Amino acid sequence: MTETAPAERDARTAAPLSPADAADAARLVSFGLQPKLVPARDAEYAALLRRYQEEPGFGRLADAVATGLGLIVLEVSPRAGMAVAAAEDSVFAVRMSEYARRATADPADRFLHGLAHLAVAALAFPRPADLADEGYLGRVTVNGVEAFVRQACHRLAERAAEHGDNTDPETEAPGLEAAWRVYARRSATGATKDARRLAGSTTGIVGKAVAFLADSGFLQRTGDDAGGTYRTTARYQLQVRDMAAGSAMTELLALGVVPVGDGSAALLPPEEDAALDLVDGAGLPFHR
Amino acid sequence: MTVSAQAPGPQTGRSPAPGPAADEGLARRLRALACTAPLHDLDSRKANLAGEYGTYAMAEVALAAIDLVTLSMDFDTGADHEQIVARLLPRIAAQAPRRPAAEHERVARWVLDNLINVGSVDRGFRAVYGTFGPDGVYVRRDYDFKLVEEVQGPGGGVYLRTTDEAVNVLVGALDTDVTSAQIAAEVKLEVLISRGRLADAQLAAEQARYRTVQYAETLRRTLETTRRDVRAVDWLRAVPDMITEALDHIADRYRHENAILTNIRRARDEAVDTGHKLRAAELVDIVKDCIRRHTQLQTRLLEAGPLFRAEQDRQAFQPPAARAGTDLYGQLLAPLLPLPVERATRVTDAFFARGTGPRPPAAVRLGDLTELLLTPPPPREHLGAELPEPDLVATPDDSRFTEEQLGAALDLLRLPEDAPRRLSGLLAEARRGDADLPYLVALLAVHAASPPVGTAHRQGEPRLLFAVDDGAELDDPEFGGADLIVGTALLAPRGPAASHEPAGTDEED
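Sequence order for the protein chains is A and B.
When the letters of the first sequence are read in order and numbered with numbering that gives the first Met the number 0, they come out as residues 0 to 287.
When the letters of the second sequence are read in order and numbered with numbering that gives the first Met the number 0, they come out as residues 0 to 508.
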């Protein structure tokens with residue numbers, strides 16, 4: 000018995016892949032496209048994942064199916080399932096114009112919606128190590144994220160006031176207004192006729208971001224305190240670490256903001272920006 | 000046309016652009032001026048409202064609203080929207096007492112909504128002003144400000160708070176140091192009281208209270224920052240210094256205000272003029288409120304130390320990092336915020352594009368769509384839970400007399416209008432059929448002793464049973480009392496005189 004089992008497996012791996020195998024591989028990818036599905040709760044999903052890990056041929060086939068659909072495989076594991084991300088220009092990619100209708104017309108709204116997503120990630124994984132640690136579970140609240148960004152903006156406003164800078168933007172060039180001012184200007188919350196969150200307020204924008212992430216299987220709602228509390232999932236960590244952070248960083252480097260060639264492990268921001276640098280190992284991104 | 004371009008010209012000696020240093024003061028005053036614009040705007044825009052709103056002084060209502068919000072601001076919450084509206088109503092009603100209350104409320108809501116500026120996306124105001132830059136170039140700038148802002152309360156509700164701009168507009172002291180302004184206000188108050196000028200004293204006392212609130216607000220914000228991230232605040236020097244300073248300040252103010260309180264109390268008790276007495280009494284209330292606010296501030300200050308230690312314990316003892324990842328805040332968010340929004344958007348767009356998970360696009364088949372459209376809507380669930388069937392218990396019939404007995408008694412009493420009878424006769428007749436019946440007949444006869452003539456007449460009844468006591472004694476084995484004469488009176492359909500006549504003939508019998 001013990002001798003026949005490996006022999007049998009070798010035979011299966013060696014055998015040419017059939018259309019049925021392709022169907023199974025595509026099924027695995029389709030499971031990956033349902034981010035809320037947990038492998039531990041679905042026997043078929045779990046079996047296909049095992050097959051991906053045990054049969055190199057099947058694994059390559061599933062990867063090929065995903066690539067053909069315009070998906071990037073981030074990780075295939077029992078913890079994250081088949082974690083896939085949409086490639087650029089893929090049909091699966093979410094566009095800002097679909098995400099928020101006002102964002103196309105109003106550049107300030109476009110920025111605020113993007114900033115909300117970045118801020119949620121920044122508070123969910125406050126330390127560099129949190130992104131690297133696979134066992135880390137981040138916790139965020141809607142009000143916490145809103146207050147955190149508002150405070151960062153407030154600090155910049157204070158700094159500008161200390162320097163005696165006039166930060167009021169020029170009337171003809173709204174695009175030159177400092178980003179923090181756009182956030183500081185927007186009201187945090189507001190009363191509406193039907194007792195819902197004011198969609199245009201920063202709390203509303205952050206709330207929309209976390210609700211969207213929860214819908215994508217990136218966050219799990221744990222309570223209603225502080226505007227809604229959420230914890231992160233393995234997929235969110237993968238997506239932020241492997242896709243979003245790098246992409247945004249590239250863009251920032253292209254703007255010439257972060258000096259290239261720093262290379263230190265602590266990944267501290269540039270020295271001359273001392274007022275904003277972070278203390279490594281703190282529970283939250285605190286400032287010296 | 001810039002000034003620097005004309006430098007070689009005759010204007011070189013006296014530069015019309017005094018440079019950024021002098022311009023800064025001008026810009027500050029322009030901003031201060033802009034803060035009052037929304038109030039003026041209210042009075043000019045009231046003409047656009049549908050209806051006659053000319054009688055209302057909107058700027059006055061707005062200032063009163065800012066007053067009310069400022070005074071009901073506490074550490075944790077702001078002012079309740081509905082409460083502010085309710086407290087504004089007496090003033091508005093006094094402005095136009097003959098108008099309906101609904102209109103007063105509409106004015107209150109309109110003013111409050113305009114102070115928040117509900118229609119705009121930012122819920123704030125913007126003013127444009129111009130300054131000369133360091134290079135002598137004239138630039139127009141946008142100044143964004145809020146007067147009343149909405150904040151999240153602890154229970155999830157939305158509360159109102161006045162901004163610093165609003166408080167500054169209100170008290171008219173622009174760009175001044177909080178502490179020194181308060182000291183000045185209180186010294187002024189003492190002098191005023193010692194000279195007996197109470198009207199001015201009240202103004203000064205109110206100003207002192209606004210300053211107190213503003214001071215508390217500054218401290219609240221610092222403490223909130225501390226709670227959120229311990230290291231954002233300098234706990235080695237700055238915060239302890241600030242707390243010591245604030246505690247000293249409170250001790251000082253407390254002593255000061257108690258002295259003032261004693262003085263005003265004396266002024267109140269010694270005052271002869273009723274107006275002075277009343278004003279001094281109000282002043283006592285204001286100073287008491289100041290003292291209350293100081294006590295509240297002190298409690299918070301004493302809590303600050305333990306709060307810091309607890310937060311530090313919670314945050315400092317975390318296991319060290321195994322390996323480094325991307326520092327999302329330090330490397331992305333923090334460098335991003337000072338950038339011009341146009342460039343920052345490129346970064347946030349990139350993060351959004353790669354930070355969102357794959358979304359399968361919806362593919363619709365016509366067949367499915369048709370079916371979906373033809374499916375009847377699911378039953379609504381908002382009708383509430385099903386009501387439980389009530390458990391009914393039949394109550395036992397405990398009536399003294401049956402329906403048949405009542406019929407028999409009424410038959411017996413249906414007497415011709417020209418032939419009244421003695422009660423004794425009726426009882427004897429009733430007793431022949433049923434032993435219980437006389438009781439019912441007696442009851443009805445006694446009831447008829449005071450017949451509801453008016454009611455019967457109004458309801459248009461043709462006849463009415465009546466009973467009269469003529470002094471005869473009732474001789475009966477079961478009943479005692481007067482042997483009533485029971486008869487039927489005819490009621491005329493109209494007129495009280497006509498109805499009286501048949502009754503009169505019956506009584507004569």
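Every residue gets a Cβ at the ideal spot worked out from N, C-alpha and C, and that includes glycine.
Note that this is a predicted model, so its numbers are computed, not measured.
| Asked | Found |
| --- | --- |
| Val138 (chain B): CB within 7 Å of a non-hydrogen atom of the ligand COA | For the ligand COA, the structure offers nothing, since it holds no ligand at all. |
| Sequence-distant residues of its chain with Cβ nearer than 6 Å to Asp143 (chain B) (five each side left out) | Gly123, Arg125 |
| Cα-Cα separation, Leu114 (chain B) to Arg149 (chain A) | 22 Å |
| Cβ of Leu327 (chain B) within 8 Å of any chain A Cβ | yes |
| Cross-chain neighbours of Glu169 (chain A) in chain B, by beta carbon under 7 Å | Val138, Arg139, Arg140 |
| Glu74 (chain A) (DSSP reduced to helix, strand or coil) | strand |
| Residue nearest to Tyr229 (chain A) in terms of C-alpha spacing, selected from A:Phe124, A:Glu54, A:Pro55 | A:Phe124 |
| Buried/exposed call for Gly113 (chain A), threshold 16 Cβ in 10 Å | buried |
| Spatial distance of Ala93 (chain B) from Arg44 (chain B) (CA atoms) | 21 Å |
| For Gly113 (chain A), three-class secondary structure by DSSP | helix |
| Where the beta strand (DSSP E) containing Leu367 (chain A) begins and where it ends | A query on residue 367 (chain A) cannot be resolved here, the shown segment of chain A reaching from 0 to 287 and no further. |
| Cβ pair Pro168 (chain A), Glu161 (chain A) closer than 8 Å | no |
| Ranges of the beta strand (DSSP E) found wholly within the stretch 55 to 143 of chain B, counting only runs of at least 3 | 124 to 131 |
| Arg353 (chain B) - DSSP class collapsed to helix/strand/coil | helix |
| C-beta atoms of Thr243 (chain B) and Val166 (chain B) nearer than 8 Å | no |
| Distance between Glu104 (chain B) and Leu88 (chain B) (C-alpha atoms, nearest Å) | 7 Å |
| Beta carbon proximity, Pro377 (chain B) to chain A, threshold 8 Å | no |
| Beta-carbon proximity of Ala82 (chain A) to Gly31 (chain A), cut-off 8 Å | yes |
| Distance between Ile285 (chain B) and Leu212 (chain A) (C-alpha atoms, nearest Å) | 51 Å |
| Closer than 8 Å to chain A by CB, Leu335 (chain B) | yes |
| Closer than 8 Å to chain A by CB, Val84 (chain B) | no |
| When B:Gly152, B:Asp141, B:Ala309 are compared against Ala78 (chain B), the one with the closest alpha-carbon | B:Gly152 |
| Simplified DSSP assignment, three categories, for Tyr235 (chain A) | helix |
| Cross-chain neighbours of Gly301 (chain A) in chain B, by beta carbon under 7 Å | Given a span of 0 to 287 for chain A in the structure shown, any question on residue 301 (chain A) remains unanswerable. |
| Rounded straight-line distance, which links the Cα of Val467 (chain B) to that of Val392 (chain B) | 44 Å |
| Thr188 (chain A) beta carbon less than 8 Å from that of Glu149 (chain B) | yes |
| Simplified DSSP state of Gly459 (chain B), which is helix, strand or coil | coil |
| Given 8 Å, three or more beta-carbon pairs between the stretch 215 to 224 of chain A and the stretch 150 to 158 of chain A | no |
| Under the three-state DSSP convention, the category Gly50 (chain B) falls into | coil |
| Backbone secondary structure at Asp505 (chain B) - three-state DSSP | Because Asp505 (chain B) carries a pLDDT of 42, less than 50, the predicted location of this residue cannot be relied on, and no value is offered for it. |
| Residue burial classification, Asp482 (chain B) (beta-carbon count within 10 angstroms, cutoff 16) | buried |
| Proximity of Leu436 (chain B) and Ala407 (chain B) at Cβ, strictly below 8 Å | yes |
| Gln518 (chain B) - DSSP class collapsed to helix/strand/coil | Absent from the structure is residue 518 (chain B), since the part of chain B shown begins at 0 and ends at 508. |
| Buried versus exposed, by CB contacts within 10 Å (16 or more), Thr175 (chain B) | With a pLDDT of 46 at Thr175 (chain B), under the threshold of 50, the modelled position of that residue is not reliable, and no figure is offered here. |
| Own chain, CB closer than 7 Å to Ala79 (chain A), minus 5 neighbours either side, in chain order | Ala233, Arg234, Leu237 |
| For Leu336 (chain B), three-class secondary structure by DSSP | coil |
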